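K.L.:
First to last, the protein sequences are chains A and B. So for the first sequence, the numbering used here puts the first residue at 1060; every next one is plus one. So for the second sequence, the numbering used here puts the first residue at 1060; every next one is plus one.
2 protein chains.
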Amino acid sequence: MRFSFEPALRRFREAGCAVDGDLVRFDRGFVAERLAEAPGSFTLHARNPERHVVVGGEHLALAPTGGCPFVLDPERGKRPPTAEDHATFVRFTHAVPLFDLNESGIVEPADLPVESRHLDMDLDVLRWSDKPYFAVGATYEGSRDSVDLAAIVFGGRDAIAERPVMLGIVNPISPLFYDDRMAGSLVAYAEGGHAVVLMPFTFAGGTAPLSLAGSLAQIVAEVLAGVCLVQLVRPGCPVVMGGAVSELDLHGGEPRYATAFHGLAMLAAGQLARRLGLPFRGGGGFTGSPVPDVRAMRESLMALWPALLSGAHVILHAAGWIEGSLAASIEKMAEDVAALEVFHDLLAAEIPVDEEALALDAFREVGPGGTFLGAAHTLRHFRERVAAGPREPLDWRAWLERYEDPGMDPAVEEELRAFVARRKRELERG
Amino acid sequence: MRFSFEPALRRFREAGCAVDGDLVRFDRGFVAERLAEAPGSFTLHARNPERHVVVGGEHLALAPTGGCPFVLDPERGKRPPTAEDHATFVRFTHAVPLFDLNESGIVEPADLPVESRHLDMDLDVLRWSDKPYFAVGATYEGSRDSVDLAAIVFGGRDAIAERPVMLGIVNPISPLFYDDRMAGSLVAYAEGGHAVVLMPFTFAGGTAPLSLAGSLAQIVAEVLAGVCLVQLVRPGCPVVMGGAVSELDLHGGEPRYATAFHGLAMLAAGQLARRLGLPFRGGGGFTGSPVPDVRAMRESLMALWPALLSGAHVILHAAGWIEGSLAASIEKMAEDVAALEVFHDLLAAEIPVDEEALALDAFREVGPGGTFLGAAHTLRHFRERVAAGPREPLDWRAWLERYEDPGMDPAVEEELRAFVARRKRELERG
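1) Just to confirm the assignment, what range does the beta strand (DSSP E) spanning isoleucine 1228 of chain A have?
2) Any beta-carbon of chain E closer than 8 Å to the one on phenylalanine 1085 of chain A?
3) Within the continuous beta strand (DSSP E) that includes serine 1305 of chain A, where are the two ends?
4) Tell me whether tyrosine 1192 of chain B sits in a helix, a strand or coil according to DSSP, three-state version.
5) For the segment 1123-1208 of chain A, which segments carrying the alpha helix (DSSP H) assignment without a break, of at least 4 residues, lie completely within its bounds, in sequence order?
6) If contact means a Cβ-Cβ distance below 7 Å, which residues of the segment 1428-1453 of chain B contact chain A?
7) Can you give the Cα-Cα distance for threonine 1147 of chain A and proline 1128 of chain A, rounded to whole angstroms?
8) With a floor of 4 residues, list each alpha helix (DSSP H) that falls wholly inside the segment 1289-1375 of chain B, ordered by position along the chain.
9) Is the beta carbon of glycine 1285 of chain A less than 8 Å from the beta carbon of leucine 1257 of chain A?
10) Taking only three categories from DSSP, how would you classify alanine 1386 of chain A?
11) Return the Cβ separation of alanine 1317 of chain B and alanine 1362 of chain B in integer angstroms, given the expectation that the two are a contact with Cβ distance under 8 Å.
12) Among B:Leu1283, B:Asp1352, B:Glu1415 and B:Val1114, which has the Cα closest to the Cα of proline 1338 of chain B?
13) Helix, strand or coil, according to DSSP, for valine 1412 of chain B in the structure here?
14) Among A:Gly1265, A:Glu1400 and A:Ala1421, which one has its Cα closest to the Cα of leucine 1453 of chain A?
15) I'd like the list of long-range same chain contacts for glycine 1201 of chain A, defined as Cβ closer than 6 Å, with 5 residues on each side in sequence excluded.
16) At a Cβ cut of 8 Å, what residues of the segment 1206-1238 of chain A count as close to chain B, listed as they run along the chain?
17) Which value, in whole angstroms, describes the spacing of the CA atoms of valine 1112 of chain B and isoleucine 1232 of chain A?
18) Between valine 1166 of chain B and the rest of its own chain, which residues show a CB-CB distance below 7 Å, the 5 nearest in sequence each way excluded?
19) Got a sec: is the Cβ-Cβ distance from threonine 1346 of chain A to anything in chain B below 8 Å?
20) List the DSSP bridge partners of valine 1256 of chain B.
21) 8 Å is my cut-off, CB to CB: does tryptophan 1364 of chain B come that close to chain A?
22) Got a sec? Which residues, its chain only, sit under 6 Å from isoleucine 1374 of chain B by beta carbon, not counting five neighbours each side?
23) Taking Cβ positions only, does leucine 1459 of chain A come closer than 8 Å to chain B?
24) Terminal residues of the continuous beta strand (DSSP E) containing phenylalanine 1431 of chain A?
25) Do arginine 1070 of chain B and leucine 1291 of chain B have their C-beta atoms closer together than 8 Å?
26) Taking serine 1369 of chain A as the reference, give the member of A:Ala1377, A:Asp1404 and A:Ala1328 with the closest Cα.
27) Starting from aspartate 1352 of chain A, find everything on chain B with Cβ-Cβ shorter than 8 Å and list it in chain order.
28) My guess is that leucine 1475 of chain B and leucine 1245 of chain B are in contact by the Cβ rule of under 8 Å, so how many angstroms apart are they, rounded?
29) Kindly list, in the order they appear in chain B, the residues whose Cβ is closer than 7 Å to that of serine 1270 of chain A.
30) From what residue to what residue does the beta strand (DSSP E) around threonine 1102 of chain A run?
31) Here's a check: name, in chain order, each residue in its chain whose Cβ is nearer than 6 Å to the Cβ of glutamate 1424 of chain A, leaving out the five neighbours to either side.
32) Classify glycine 1196 of chain B as buried or exposed, calling it buried when 16 or more other Cβ atoms lie within 10 Å of its own Cβ.
33) Please report the distance separating the alpha-carbon of glycine 1301 of chain B from that of valine 1289 of chain B.
34) Would histidine 1321 of chain A be called buried (16 or more neighbouring beta carbons within 10 Å of its own) or exposed?
35) Distance, Cα to Cα, histidine 1310 of chain B vs glycine 1347 of chain B?
36) Taking the alpha-carbon of leucine 1331 of chain B as reference, which of B:Arg1106, B:Leu1271 and B:Pro1314 has the nearest alpha-carbon?
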């Protein structure tokens, strides 16, 4: 594995790894020891204790798409996102109970300076939502800012180091390379004690070999190298394994979504994560369609089901992805939520089997050829089925109307805003 | 169970069952003996031997929607179907390799007399396709006609009794009732030695109790009663268990599709079929949407995936269903085929793991930070991946252009048409 971030190379050298220039060679025993330090599951702490999220075990946490350079405005079409769009997506994500996790950076506000917008985006999530979240930092300094901002809200860096409140995404540069930004971000999250999601996103035949086994082997290598660095920074720090293998259209070169190859890779990556004892991040509802049309729904559900079946503990990009992640669509997000609600209910459902559930009295009352519409058993269970039954899907406007500000202690908010203002001045000075 | 069809009651009486008027009470041991006679899997024989279909085991056979009183014309909207529409759907189903089974009666041609149109529809399937198929007969006489028509093509009634060529659908009238038409159809198919698909289609709180366990118990009772009758007519005759539990909107009374309740019932019914040792028919891509829009695709895929995961051996209504089966949409059918192709490829896919698949030489050649685009390994596997890679989905017009007439021996065709003409005259005379 190559690492260009000198503090990472230093840690590997100090740990006795074979480091040759920027190339690190990993010893099998060393990797196994570091892997054993990573927890199999952990709890993400929310501002609202009712929204704590367990990552691992039998739990599945969902989050919308993120990192989109455009927004697909339902009225004006595709355009650069604004700070207001970002806040809207954060509120939308807060309003939808299906989303366990909020997310900083769903869209990249083009009206905010690139060097400091991570502060505004994390502030949005901390202020307008009380769910655990994905932070947006993607450099050492940016991710350190993410941790510092959270520390203000959650009682200081020491407190949150023991009680992680955020997930940080780290994408290795496939194949087998962590650059300054990604390794730096990893180190900053690990220093803060927060969960690092190691997410290789590969294209077979481009950034990975043109074979499933080879691509999966590469993903595992990239994840394990990241696990080692995280554990060297802070033993026991939570790590989540991700891994997607997509296909390039071998004629035109553009990526293809929702293929069997992608689905199979997702299922296999989930198995590998279980083998390694790491929580797994799968996902999501990928499509190449530039609008939330029938094709978009078909592709995203054919991509999403394998992720849902992979045993994933966290699914990012579960909703609202459009045009190969180029844009976030709030309209599509609401449609995807309607589909995910069915899956959520399916996971939560049970089949009680007892005399009442078997409706023995109803069969006696109704008999062959009759109707259960007015049967005593039906009337007895009518209310509970209405309550448990399918919901009418809400559109995006209805979801936004449901948003309720979780509020924030004014002193904390003031401190947050002061931190953001100070860091912005520092960053503007360079 | 109630049966209004006297020949069915007679068979139950002769077998020693307790028959009280039209009510048949089944002894546990008697049912177990009949169930043991039904095969766990069987082969459906096609005109083209390459298209034989195994029903059971690890096999999944797909068929489009059927029985629709309307067609959703892509240009003219919803309208009564014609004989030409029926032939078009048969050709479409023949042209799509994904469909293992063709189907008589995808739409009900309103321009053909109701008492004889089953002859025209079965003739379409026999003439324009060489796949095994669902026959359309739904009375004793109609299903006997289906068998007689097939006998002309496949070498006589005795030959096809040993080598079934068709599936006949029999829907009990839930709860717990087989009327003259359905029991008659069952008897005619079983007399001919053809596979009977017993398909209770229930609505919880209407035609079944308002509970999953009660609805599932009812389905099992209805299927087992049908199994007993089939085996009394012809021991060893193949039977397929179906079973769907849908929800009614308890406010408005209309059916709801793609709900968690429906999905869970599908998974449970599949388990029950395995427990009983019967092949299972699941499905399908249900939606209440009257047009092939985003909602239709969302609902149909959220209904279809549980069916695909239920261990179903046959899925009817896998494609083209619209508006609660009121209409068949060829446009939606092509969209559904595109989704099912991904699932088909996923089922068929393997992950070879050897030195070549692990791409060890490619990792040596490319190294960390490089690209696999021009690597020797990529070039070596380029062709096979292009061949195995995702297909560009075809729209319905492109599928119809791919249709190739399988042809038919003119003497056989003449005999078929003569039979149809003679039976039509008989039926018109009443």
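Don't be surprised by glycine CBs; every beta carbon is placed ideally from N, CA and C. Here the structure is a predicted model, which means the values were calculated and not measured.
P.N.:
The answer reads as follows:
1) 1225-1229
2) Here the protein chains are A and B, and chain E is not one of them.
3) 1303-1307
4) strand
5) 1142-1154 and 1176-1187
6) Gly1428, Gly1429, Thr1430, Phe1431, Leu1432, His1436, Thr1437, His1440, Phe1441, Arg1444, Val1445, Gly1448 and Pro1449
7) 15 Å
8) 1319-1335 and 1353-1368
9) yes
10) strand
11) 4 Å
12) B:Val1114
13) coil
14) A:Glu1400
15) His1177
16) Ile1232, Pro1234, Leu1235 and Phe1236
17) 47 Å
18) Cys1127, Val1130, Pro1140, Asp1144, His1145, Phe1148 and Ala1387
19) no
20) B:Ile1228 and B:Val1299
21) yes
22) Leu1121, Gly1341, Gly1342, Gly1343 and Ala1366
23) no
24) Element bounds for phenylalanine 1431 of chain A: n/a, residue is neither H nor E.
25) yes
26) A:Ala1328
27) Val1353
28) At roughly 25 Å, the Cβ-Cβ gap does not stay under 8 Å, so leucine 1475 of chain B and leucine 1245 of chain B are not in contact.
29) Ala1416, Ala1418 and His1440
30) 1101-1103
31) Ala1434
32) buried
33) 15 Å
34) buried
35) 16 Å
36) B:Leu1271
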